[in-house]
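Using the working numbering, the first residue of the sequence shown is number 522, and each one after it goes up by one.
Right, one structure below, let's go through it.
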Amino acid sequence: MPVYFALQDELNVNLKTNIRYILKLRTLFYYLLTCFWIIIFSNCSKVSADKLYGEWKYIKVENLDKNNPDSVSAADLKTDHPSISFTKTHKLQINWGGKVLSHGTFKIDDRMIRYTEILEDNRTREFPFLIKELSDTLLIFETMAASSTRVTAVKSSK
Numbered sequence: 522m523p524v525y526f527a528l529q530d531e532l533n534v535n536l537k538t539n540i541r542y543i544l545k546l547r548t549l550f551y552y553l554l555t556c557f558w559i560i561i562f563s564n565c566s567k568v569s570a571d572k573l574y575g576e577w578k579y580i581k582v583e584n585l586d587k588n589n590p591d592s593v594s595a596a597d598l599k600t601d602h603p604s605i606s607f608t609k610t611h612k613l614q615i616n617w618g619g620k621v622l623s624h625g626t627f628k629i630d631d632r633m634i635r636y637t638e639i640l641e642d643n644r645t646r647e648f649p650f651l652i653k654e655l656s657d658t659l660l661i662f663e664t665m666a667a668s669s670t671r672v673t674a675v676k677s678s679k
């Protein structure tokens, strides 16, 4: 009988050691998995100006203010042909109804487009756009004003 208890004690010790080892491996696995996702998401969050260059045609304009949910109709978008253009020299131009509605310069700051609009008499006004989504063909951005607007645009094939 004493041999049986000695073997059972040794087995219990080995089992406890193995469980500790498995728990350490599991903790290491979760740590590495967390690091992996942090790296992946941190690289995805930055926007490259190269993807912005070109003309983007508005296909949807939404007012995000719940008190004033008025949006630009699809018919108005079709008639007025609004667009936003970004150049490699960091110029930005917004066209609406065949006319330049606004122009200025921009810079990319993480997921923000920092737009400096040039007004009459060379005065300037700065405001940011938050990029919600950007692919090779789709751009969704929001103004960061009190009555925020979301614009969905597709890249022009020009």
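Positions of the beta carbon are idealized from the N, C-alpha and C atoms, including for glycine.
- Query: With a Cβ-Cβ cutoff of 8 Å, do Glu663 and Phe650 count as a contact?
  - Reply: In the sequence shown, the residue the question calls residue 663 occupies position 142. In the sequence shown, the residue the question calls residue 650 occupies position 129. Yes, the pair counts as a contact, with Cβ atoms nearer than the cut-off.
- Message: Which of the three DSSP states is assigned to Lys581 in this structure?
- Response: As a working note, residue 581 is residue 60 in the sequence shown. Strand, per DSSP.
- Item | Distance between Phe607 and Leu598 (C-alpha atoms, nearest Å) | Residue 598 sits at position 77 when you count from the first residue of the sequence shown. Residue 607 sits at position 86 when you count from the first residue of the sequence shown. Whole-angstrom Cα-Cα distance: 20 Å.
- Task: May I ask you to report which of helix, strand or coil DSSP gives Ala693?
- Result: Residue numbering for the chain in the displayed model covers 522 to 679; residue 693 lies beyond these limits and cannot be assessed.
- Between Lys609 and Leu553, what straight-line distance do the alpha-carbon atoms span, to the nearest angstrom? Working through the sequence shown from its first residue, we reach residue 609 at position 88. Working through the sequence shown from its first residue, we reach residue 553 at position 32. If I take the Cα positions, the gap works out to 39 Å.
- Would you kindly work out how many angstroms separate the C-alpha atoms of Ser592 and Glu583, rounded to a whole number? By 1-based counting over the sequence shown, the position of residue 592 is 71. By 1-based counting over the sequence shown, the position of residue 583 is 62. Taking the straight line from one Cα to the other gives about 5 Å.
- Message: On the CB-based measure, 16 or more other CB atoms within 10 Å of its CB, does Tyr579 come out buried or exposed?
- Response: In the sequence shown, counting from the first residue as 1, residue 579 sits at position 58. Its Cβ being crowded by 16 or more others within 10 Å, Tyr579 is buried.
- Task: Verify whether the separation of the beta carbon atoms of Trp577 and Ala667 is less than 8 Å.
- Result: Reading the sequence shown from its first residue, position 56 is the one you call residue 577. Reading the sequence shown from its first residue, position 146 is the one you call residue 667. Against a cut-off of 8 Å, the Cβ pair of Ala667 and Trp577 comes out as no contact.
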